[in-house]
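The structure under discussion appears below in the form of structure tokens.
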Amino acid sequence: YPTREQYAVIVNGILNHLKIERDTKTVASIIQDTPNEIQQMEEKAETLKTNFQNKSIDD
Numbered sequence: 184y185p186t187r188e189q190y191a192v193i194v195n196g197i198l199n200h201l202k203i204e205r206d207t208k209t210v211a212s213i214i215q216d217t218p219n220e221i222q223q224m225e226e227k228a229e230t231l232k233t234n235f236q237n238k239s240i241d242d
């Protein structure tokens, strides 16, 4: 996973590109939430994959 500093650079770059005003609290919360969101997406993908495999076996 990227470091905290790398996330900050990425987030700032995206916000700049979208011309969104930065406030450091918002950026900090985005940086903190990102790893959790990635984890949740990975778990969701794993669940879908398992469900699909089980369905294929049952059919």
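Residue numbers for the sequence shown follow my numbering, so the first one is 184 and each next one is one higher. C-beta atoms are modelled at their ideal positions from N, C-alpha and C, and glycine is treated no differently.
Would residue 215 pass as an interface residue toward chain B - the criterion being a Cβ-Cβ separation below 8 Å?
This model lacks chain B altogether; it includes just one protein chain.
In angstroms with no decimal places, state the Cα-to-Cα distance between residue 202 and residue 234.
41 Å
Quick check on the DSSP output: the alpha helix (DSSP H) that includes residue 201 runs from which residue to which?
Per DSSP, residue 201 belongs to no alpha helix (DSSP H) and is neither H nor E.
Does the Cβ-Cβ distance between residue 191 and residue 221 come in under 8 Å?
no
Among the residues of its own chain, which have a CB less than 8 Å from the CB of residue 193, if the five just before and after it don't count?
185
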